[in-house]
Every structure is written in structure tokens, then in C-alpha cells.
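First up is the structure itself, then whatever we jot down about it.
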Amino acid sequence: MQLRYNYRAYPDAAQRRALASAFGCARVVWNDCLRDRKEAHAAGLPYVKSAELSRLRITQAKRTQERAWLAEVSAVVLQQSLRDLDTAYKNFFDSLKGKRQGRKVSPPRYKSKKDTRQSIRLNTNAFSLQDDGTVYVAKVGGLKTKWSRRLPAAPTSLTVTKDSCGRYFLSFVVDTEPDILPEVETDAGIDLGLSAFAVLSDGRKIDSPRFLRRAEKKLKRLQRELSRKVKGSKNRAKARIKVARQHAKVADRRRDFHHKASTQIIRDSQAVYVEDLAVSGLGRTRLAKSVHDAGWSAFVGMLEYKAALHGRTFAKVDRAFPSSQVCSVCGFRDGPKPLHVRRWMCGECGTVHDRDHNAARNVLFEGRRIVAAGRAETLNACGAPVRRAHVPAQRVEAGSPRKGQTTQAGIPGL
Ligand SMILES: [Zn+2]
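According to my numbering, the residues represented by the sequence shown are 125 to 538, in order.
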């Protein structure tokens, strides 16, 4: 399976300039090619093939005066940018045709100099790991890198990114063998909530750590301050940088917390079940802010790939499943309960339930049922896996990064 490993890099001034022009060139190729395809589409012409775009927008463009600077960066960067655009289009078309699971993918967007995240992608022709610990990037040079953990194998590709607070990251894709953990007896249902971050079916509660809540509070304060500053003023620019730094801090800490919690849960349980949350649906309600802050989908994604990595079972329980309405002891369906109701008594058997704990137990039972049914079906279908958790390919940077999206980190402690 493919995993991403992220490291911080510290380019010197000349390297930062070289990277800036590489980011710019990759963006220009992306935008030029995207424009050609959009215009062809608008004119009712067929989809412009990549080979044609490569010739027109890369090879020939380098010979024109207005795009001559494309020749200053590695050709791999330009080709990869076009390939990423192809992937973004493929994802969009697959999503349109219903070939792709999950939420709808929007068509590729133009990239801007002002995007919070700038990136280039390289294959092994354009980067290499040096004996002195630097990472050589074609036409940029050897980047000083902080190796926070060991790469398990030779990487197959590299993404260099710069985030909104000016930090540089190297993200390697590595093919690794699953690291199967010894079997354990327990399985766990997880209810992701707003009062506690998560409640497990055995009654354990995982709260958001205090330092994370404190950092989030500070972020809110800084954002308020920013909104009060006069547009275009120097103070506003300063406040914006402060917000970006705090944003990065919160994102880093939250990701770190997610990694620790998900690793722990996967180590402790042979099977893990979570509710398939309609986060995009909830996001439109009043709860939006706290829902997105909690970063559930990132957390669920970590559980999913760590389960695959360590040989654990993982399943999502249908979001239509009424986990908070059903009594987990007798199965009586007690009707919907408003969010403020934290405890309730089953009208049938009289058990007093903690709302989240009850939901987690229901998720556990439903998850077990789904997996058992999946196994039965698997046997019927000549061994074709039916509802087995698929190994999520770690996110590849195709398509335009959405505003506010942060870089994805690797996996500590594996
Ligand atoms: Zn009951």
C-alpha cells in the first residue's frame, strides 16, 4: 500500500527563489491547459488530449517569448502538472458517471498565486536522496531536510509544498508492506461527538486535549481581530500572517492528536466501526464550525488506512442508521432526541443511557452485523471481497487544493 511521509525542509534564499519559480511555472502550465480544455468544451469541441497539450503548452510554449521562462524549471515539474490536471479531470468525470464513491468532485479550478498552498510534484527522475541527508531537487538543489522519522523504503514520488506561513514540506510517497499486528480479542464502535471528541463502545471517552482547545480559542480571537482591521492596511497584513500561523499551529496539533488517538484505537481493537458521518450535510447547519474543527473525516481516514496497514477490520456504518435513537440493550426504537438530551431512559426496558455511549454501542453492533453479512456474501461471490474496507490511496495532490486545506502529515509511531 502507498503511504505518505512528510518532512519539513529548509531551503536557502536561492533555493526559495528557484522553488517559487517552479511553483509559478507548474501553476501556469496547469492554468494554460485548463483554459484550453474549458474553451474547447465551451465551443463544443472534443476534449483536448494530454499529448497535444504537452506539445502546445510545454514544448512549444518554451520557445515563445512570453513563456520562455518555463525552460528554467525541470521539465518533470511541468509534465507532472499536466498529469495532475488529467487526474483531476478523471476524478471529475468518474464522479459525474457515478464510477467514483464519496462526495461529488467538482471540475478542476484555476490556480492562483494567492492560493494558501503552493506545490510541485516530482518523480524519481527529478529528485534523489543524498548521502549528506539533503534531498536533491532538479534545478533547485540539495534541500536541507529534518528527518523526523525514517523512510521505510525508497520513495516513488515527491511533492514539495509551501504553506501559507511560508514553511516548506517534502511529502514522499512510499510503497510499504502491511505491518500486521498480533490479533486482539476486542472490537470497538466509535461515536464521534461534539461534547467529547469520541466515545468508544466500551465507555472510554476521548476528549479534545486542552492545549488544542486553547489554541482554537486563540485562533478565533485572532480571526476576530483580523476582521476589524481596515482592508489594505499594514495592520491587516500583519494580522493575516498571525492568523495563518495560528491556523497552521491548530492544524498541526489537531493532526497530531488524531494520529495518537487513531493509532491507540487500532492497536487496541481487532475491528473498528464508525458511523459514516454526513459531514458535508452537517456542515451547512449551525453546527458547521465545530463540526469542521473537529476534523472527523481526517480522523476517520486515519483509522481506515491504519486498519488496512495493521491488518484490522474497518467498516463504516450507514449514516441513516439511527444510532442515537435505538436502545442498545433491548433494541427498542425510542424516537429522535434533540442534541441537548445527553441522557435518556429507554421507554421499554428502563435502562438509563448516556447518549454517546449508547450510540457507540449501537455502531458496534451494526458494524459487526455488516462485517458478518459481508463475509457471508464474500463466500457466495467466489471470494470476491464485498464490504471489505478498501485501502484508501493516500491523498495525491491532484486538483486544486481547497482554501484552508492543510498539508497532510505522515504517520508518527509506526
Ligand atoms: Zn431498552
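We treat Cβ as the ideally placed atom computed from N, Cα and C, and that holds for glycine.
Task: Reduced DSSP category for A277 - H, G, I as helix; E, B as strand; rest coil - done: Looking at A277 - three-state DSSP - the assignment turns out to be coil, as it is neither helix nor strand.
- [ ] Check the C-beta distance from A142 over to V201 and give it rounded, since I have them as a contact under 8 Å.
- [x] With a Cβ gap of about 11 Å, A142 and V201 do not count as contacting.
- [ ] Under 7 Å Cβ to Cβ from E307, same chain only, skipping five residues before and after it: list those, please.
- [x] Cβ neighbours of E307 beyond the five flanking positions: Q394.
Open item on the list: Output needed for G471: all residues of its chain with C-beta closer than 6 Å, excluding positions within five of it in sequence on either side, in chain order.
Closed with: Scanning its chain for C-beta atoms nearer than 6 Å, with the 5 sequence neighbours on each side dropped, one finds around G471 the residues D458, in chain order.
TODO: Using the Cα positions of A508 and K228, report the straight-line distance between them to the nearest angstrom.
DONE: Note that A508 scores a pLDDT of 32, beneath 50, so its modelled location is shaky; the value from the coordinates is reported in the next line. Our two residues, A508 and K228, have alpha carbons roughly 27 Å apart in a direct line.
Task: Buried/exposed call for A95, threshold 16 Cβ in 10 Å - done: What the structure shows of the chain is the stretch from 125 to 538, and residue 95 is not part of that stretch, so it cannot be assessed.
Task: Of the listed residues G290, K162, F216, nearest to R140 (C-alpha basis) - done: Distances from the alpha-carbon of R140 to those of G290, K162, F216 put G290 closest.
Task: Selected residue, minimal CA-CA separation from V197, among D210, L209, T183, D208 - done: Closest by alpha carbon: T183.
Task: Strand pairing of E399, partner residues [DSSP] - done: E399 pairs with V441.
Task: Residue range of the alpha helix (DSSP H) that includes T248 - done: Per DSSP, T248 belongs to no alpha helix (DSSP H) and is neither H nor E.
Open item on the list: Between D136, H371, E490, which has its C-alpha nearest D442's C-alpha?
Closed with: Nearest neighbour of D442 by Cα position, chosen from D136, H371, E490, turns out to be E490.
Open item on the list: Just to confirm, is the Cβ distance from V297 to A277 under 8 Å?
Closed with: Going by beta carbons, V297 and A277 fall outside the 8 Å limit.
Task: Pairwise C-alpha distance: K329 and N486 - done: Across the structure, N486 and K329 are spaced so that their CA atoms are roughly 16 Å apart.
Task: Extent of the continuous alpha helix (DSSP H) run through L202 - done: Unbroken alpha helix (DSSP H) run through L202: 199-220.
TODO: Compute the Euclidean distance between the alpha carbons of K237 and N249, then round it to the nearest angstrom.
DONE: Computed Cα separation, rounded: 27 Å.
TODO: Would you mind stating whether T283 and Q242 have Cβ atoms separated by less than 8 Å?
DONE: Not a contact, by the Cβ cut-off of 8 Å.
- [ ] Measure the C-alpha to C-alpha separation of L206 and A372 and round it to an integer number of angstroms.
- [x] Straight through space, the alpha carbons of A372 and L206 are spaced by roughly 29 Å.
Open item on the list: Using a strict less-than 6 Å threshold between each residue's beta carbon and the heavy atoms of ligand 1, what residues do you get?
Closed with: With 6 Å as the limit between CB and the heavy atoms of ligand 1, the residues that fall short of it are C451, V453, C454, F456, C470, E472, C473, T475.
Task: Close Cβ partners of G222 (< 6 Å) along its chain, the five nearest in sequence each way excluded - done: Nothing listed; no residue qualifies.
- [ ] Counting only the same chain and skipping the five closest in sequence on each side, list residues whose C-beta sits under 7 Å from that of V453.
- [x] Sequence-distant Cβ neighbours of V453 in its own chain, meaning closer than 7 Å and more than five residues away, are C470, C473, T475.
Open item on the list: For a minimum of 3 consecutive residues, which ranges assigned as the beta strand (DSSP E) are wholly contained in the segment 346-379?
Closed with: Counting only runs of 3 or more, we get nothing.
Task: Nearest-angstrom beta carbon gap, S230 and F552 [assumed within contact, 8 Å] - done: Not covered by the structure: residue 552. The range shown for the chain is 125 to 538.
TODO: Report yes or no: do three or more beta-carbon pairs, one from the segment 174-181 and one from the segment 153-165, lie closer than 8 Å?
DONE: In this structure the segment 174-181 lies against the segment 153-165, because at least three pairs of beta carbons, one per stretch, are closer than 8 Å.
Task: Sequence-distant residues of the same chain with beta carbon closer than 7 Å to T300, five excluded per side - done: M125, L127, P276, A277, listed in sequence order.
Open item on the list: By the three-class DSSP mapping on this structure, what secondary structure does V297 have?
Closed with: In this structure, DSSP gives V297 an extended state, which the three-state scheme calls strand.
Task: One or two residues paired with K268 in a DSSP bridge - done: Answer by DSSP bridge pairing, in chain order: Y134.
Open item on the list: DSSP three-state label for T183, please.
Closed with: Three-state DSSP puts T183 in a helix.
Task: Alpha-carbon to alpha-carbon, N482 and D315 - done: If you take the alpha carbons of D315 and N482, they lie about 9 Å apart.
Open item on the list: Less than 8 Å between the C-beta atoms of D311 and R492, yes or no?
Closed with: It is a contact, given that the beta carbons lie within the stated cut-off.
TODO: Go ahead and label L194 buried or exposed: buried means 16 or more other beta carbons lie within 10 angstroms of its beta carbon, across all protein chains shown.
DONE: Answer is buried; the Cβ neighbour count reaches 16.
Task: R377 vs F445 beta-carbon contact at 8 Å - done: No. Outside cutoff.
Task: Counted within 10 angstroms of its Cβ, other Cβ atoms place E176 as buried (16 or more) or exposed - done: Result: exposed.
Open item on the list: If you follow the beta strand (DSSP E) that A322 is in, where does it begin and where does it stop?
Closed with: Segment 322-324, the beta strand (DSSP E) holding A322.
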